[in-house]
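> I have a structure I would like to understand better, so I am pasting it below and will then ask my questions one at a time.
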Ligand SMILES: NC(=O)c1ccc[n+]([C@@H]2O[C@H](COP(=O)([O-])OP(=O)(O)OC[C@H]3O[C@@H](n4cnc5c(N)ncnc54)[C@H](OP(=O)(O)O)[C@@H]3O)[C@@H](O)[C@H]2O)c1
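Numbering (this note's numbering), first residue to last: 1 to 165.
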């Protein structure tokens with residue numbers, strides 16, 4: 001069975017993106033390292049707009065892009081709908097973990113499928129045009145993995161694991 005884990009960095013109000021980038025730009029290098037460590041060796045699934053600025057696929061991970069447009073890129077698996085991606089992923093080897101890496105539309109489509117959310121919760125407000133979807137916080141056990149300061153931002157890595165029904 002495929003296990004879905006959403007991983008995102010969010011501002012105090014769930015801010016995710018602004019004008020195709022993250023509202024805080026690339027100022028959180030240690031967080032990018034954390035993202036790499038968490039996702040390495042697994043599949044990552046993303047929307048086309050999140051893919052757009054990537055210079056190349058994320059190394060060491062199967063890169064899956066969802067787009068309705070014609071799309072071909074070496075090293076990238078493409079699906080034209082979420083349903084097609086889910087159906088195909090379910091057919092694969094057991095016990096695989098797929099990290100849902102954004103952006104807003106893909107988190108919104110898949111958050112209910114996620115057994116786990118790994119959020120970088122930044123203690124700041126940002127201008128944004130994309131937000132992480134609302135989710136039922138009571139349905140998850142929340143664990144703070146660690147907190148740090150970087151470039152004037154305070155943030156925590158937080159794991160939400162869905163409670164058994
Ligand atoms: N803070 C974070 O951790 C984080 C993580 C990731 C992204 N972001 C930010 O989030 C923003 C991007 O998010 P977004 O919501 O605008 O875009 P997105 O989710 O990255 O991509 C949207 C695109 O994905 C495709 N798509 C989405 N749902 C689909 C479906 N059901 N069937 C087929 N294709 C589908 C469409 O591509 P086509 O138009 O090609 O058909 C759509 O335009 C950026 O600002 C980015 O920096 C932040």
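Cβ atoms here follow ideal geometry from the backbone N, Cα and C, with glycine treated the same way.
With burial defined as no fewer than 16 other Cβ atoms inside 10 Å of the residue's Cβ, what is the status of residue 127: buried or exposed?
Exposed, by the Cβ-count rule.
> Helix, strand or coil: which one does DSSP assign to residue 134?
Here residue 134 sits in coil by DSSP.
> Quick test of your reading: residue 44 and residue 99, contact by CB under 8 Å. State the CB separation rounded to the nearest angstrom.
Correct: roughly 5 Å between the Cβ atoms.
> Could you give the first and the last residue of the continuous alpha helix (DSSP H) run that contains residue 101?
Careful: residue 101 lies outside any alpha helix (DSSP H) and carries neither H nor E.
> On a Cα-Cα basis, can you pick out the residue from 27, 78, 94, 117 that is closest to residue 152?
Residue 152 has its Cα closest to that of 27, out of 27, 78, 94, 117.
> Using 7 Å as the cut-off, classify the Cβ of residue 81 as near or not near the heavy atoms of ligand 1, replying yes or no.
Answer for residue 81: yes, Cβ within range of ligand 1.
> Does residue 87 pass the burial test, meaning 16 or more other C-beta atoms within 10 Å, or should it be called exposed?
Burial call: exposed.
> Mind checking residue 70: buried by the 16 CB within 10 Å criterion, or exposed?
Its Cβ having fewer than 16 others within 10 Å, residue 70 is exposed.
> Which residues in the same chain as residue 41 place their Cβ atom closer than 8 Å to its Cβ, once the five residues preceding and following it in sequence are excluded?
Cβ neighbours of residue 41 beyond the five flanking positions: 60, 61.
> Which residues share a DSSP beta bridge with residue 21?
Paired residue(s): 18.
> Does any heavy atom of ligand 1 sit closer than 7 Å to the C-beta of residue 48?
It does: the Cβ of residue 48 is within 7 Å (strictly closer) of some heavy atom of ligand 1.
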